[in-house]
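Protein chains: 2
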Amino acid sequence: MPDNLQLDQFLCFSIYSAEHTFNEFYRPLLAELGLTYPQYLVMVSLWSRDDRTVREIGAELSLESNTLTPLLKRLEALGLVSRTRDAKDERQVRIRLTEKGRQLKKRAEPVPACVADALGLSGEELEDLRQKLLLVQQRLKETMEKQG
Amino acid sequence: MPDNLQLDQFLCFSIYSAEHTFNEFYRPLLAELGLTYPQYLVMVSLWSRDDRTVREIGAELSLESNTLTPLLKRLEALGLVSRTRDAKDERQVRIRLTEKGRQLKKRAEPVPACVADALGLSGEELEDLRQKLLLVQQRLKETMEKQG
DNA sequence: TGCGATTAAATCGTGTGCGATATATCTTGT
DNA sequence: ACAAGATATATCGCACACGATTTAATCGCA
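In order, the protein sequence lines correspond to chains A and B. The end of the first sequence is residue 147 by numbering that gives the first Met the number 0, with every number in the run present. The end of the second sequence is residue 147 by numbering that gives the first Met the number 0, with every number in the run present.
Right, dumping it as structure tokens:
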């Protein structure tokens with residue numbers, strides 16, 4: 000009798016598993032920068048646009064304050080960012096790169112090329128895969144909204 | 000000047016993000032079964048093949064004992080599995096479904112259809128996406144082996 | 001046979017990730 | 001101006017995830 004409950008038929012498991020492999024691949028690269036993968040994502044976000052609120056960074060990464068606050072405190076402890084209440088709206092905390100945080104970007108520049116080399120996929124193939132994953136996310140989110 | 004450090008150009012971020020969305024989608028479905036997503040994966044693995052060692056389950060899910068042991072103890076506390084030292088090789092712990100664990104399979108059967116409905120992708124599209132993610136993983140692992 | 005190497009789980013510490021809740025600040029309607 | 005609601009961040013508790021180490025059992029080979 001066929002069994003539809005097989006791990007290797009689950010798209011979600013492919014994604015779960017690929018996520019772990021990516022993490023494993025990044026770990027030694029990011030260890031040289033003294034960062035974890037989520038910390039790296041926050042730094043990438045800030046290198047693109049500095050001086051953002053916790054809320055804005057969270058919107059980009061789909062993370063909330065319960066995850067970001069401790070993570071940002073660690074980046075602050077590493078001397079990479081500053082956390083200061085916004086004078087105009089004291090509810091908000093503005094995250095800004097320190098000079099050390101900006102300097103780190105130079106050392107992080109080669110990382111994407113490392114990954115691209117390992118993957119050995121063309122720009123079109125990468126873009127196609129990203130688009131399909133985005134579609135998957137959109138479909139899941141639509142269904143969640145419909146069902147409350 | 001172009002900036003190659005942009006989150007939305009990172010395949011790894013697409014995967015990281017899609018993983019979170021899948022988790023969010025699964026959470027309410029699995030909450031009805033009283034399981035987290037990784038616990039569900041272990042149960043799916045056991046429903047396919049029962050009576051396995053921690054090592055074997057870990058090989059299938061790419062998890063090690065430091066993650067699996069506490070997780071399996073939680074499944075044991077829920078009454079879904081038993082954990083017993085193998086009489087032939089006392090180093091190994093054999094994980095077996097309890098009757099309650101086997102019963103749970105029935106309630107879990109509809110879950111994959113829920114996901115398939117939400118995704119709205121054909122079998123070929125799903126298979127293609129799984130294959131591409133598998134290729135990505137293989138490439139990353141090959142590179143890691145080459146570089147030690 | 002016996003002892004060092006290997007193997008299987010478990011344990012420990014740290015860092016996410018997230019539901020639930022708390023706290024402080026701002027906004028809105030009257 | 002002020003209370004009610006909304007918003008931004010922080011805190012708490014629990015469950016992964018994983019590097020590093022520990023403990024116990026088995027294996028391999030001189």
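All C-beta atoms in this analysis are idealised placements derived from N, C-alpha and C, irrespective of residue type, glycine included. Here the structure is a predicted model, which means the values were calculated and not measured.
By the three-class DSSP mapping on this structure, what secondary structure does residue i have?
i: residue 35(B); result: coil
i: residue 84(B); result: strand
i: residue 54(A); result: helix
i: residue 7(A); result: helix
Could you give the residue range of the beta strand (DSSP E) that holds residue i?
i: residue 26(A); result: Counting along the chain, residue 26(A) falls outside any beta strand (DSSP E), though it belongs to the alpha helix (DSSP H) covering 10-30.
i: residue 97(B); result: Here residue 97(B) belongs to no beta strand (DSSP E), and DSSP marks it neither H nor E.
Pull up the CB-CB distance for residue i and residue j, whole angstroms please, since I reckon it's below 8 angstroms.
i: residue 125(B); j: residue 133(A); result: Contact flag wrong, Cβ pair sits at about 16 angstroms.
i: residue 45(A); j: residue 54(A); result: 14 angstroms between Cβ atoms; not a contact.
i: residue 97(B); j: residue 79(B); result: 6 angstroms
i: residue 43(A); j: residue 4(B); result: 5 angstroms
i: residue 18(A); j: residue 18(B); result: 4 angstroms
i: residue 139(A); j: residue 20(B); result: 5 angstroms
Under 8 angstroms between C-beta atoms, does residue i make it to chain A?
i: residue 74(B); result: no
i: residue 99(B); result: no
i: residue 53(B); result: no
i: residue 131(B); result: yes
i: residue 6(B); result: yes
i: residue 0(B); result: Per-residue confidence for residue 0(B) stands at a pLDDT of 43, beneath the threshold of 50, marking its modelled position as unreliable; the derived number appears in the next sentence. False, the Cβ-Cβ gap to chain A never drops below 8 angstroms.
i: residue 59(B); result: yes
i: residue 114(B); result: yes
In chain order, what residues of the same chain have a beta carbon less than 8 angstroms from the beta carbon of residue i, not counting five sequence neighbours either side?
i: residue 118(A); result: 125
i: residue 63(A); result: 57
i: residue 33(A); result: 77
i: residue 73(A); result: 38
Distance cutoff 8 angstroms, beta carbons only. Does residue i sit that close to anything in chain B?
i: residue 69(A); result: no
i: residue 20(A); result: yes
i: residue 83(A); result: no
i: residue 140(A); result: yes
i: residue 119(A); result: yes
i: residue 14(A); result: yes
i: residue 77(A); result: no
i: residue 38(A); result: no
i: residue 136(A); result: yes
i: residue 63(A); result: no
i: residue 144(A); result: no
i: residue 103(A); result: no
Let's see if you can read the secondary structure: which residues bound the alpha helix (DSSP H) around residue i?
i: residue 138(A); result: 122-145
i: residue 116(B); result: 110-118
i: residue 61(A); result: First-last for residue 61(A): undefined, no H or E at that position.
Who are the Cβ neighbours of residue i in its own chain at under 7 angstroms, not counting the five residues just before and after it?
i: residue 106(B); result: 32
i: residue 29(A); result: 35, 36, 39
i: residue 67(B); result: 53, 56, 57
i: residue 65(A); result: none
Got a sec? Which residues, its chain only, sit under 6 angstroms from residue i by beta carbon, not counting five neighbours each side?
i: residue 25(B); result: 36
i: residue 90(A); result: none
Does at least one heavy atom of the ligand MG sit under 7 angstroms from the Cβ of residue i?
i: residue 121(B); result: Ligands in the displayed structure: none, and consequently the ligand MG is not present.
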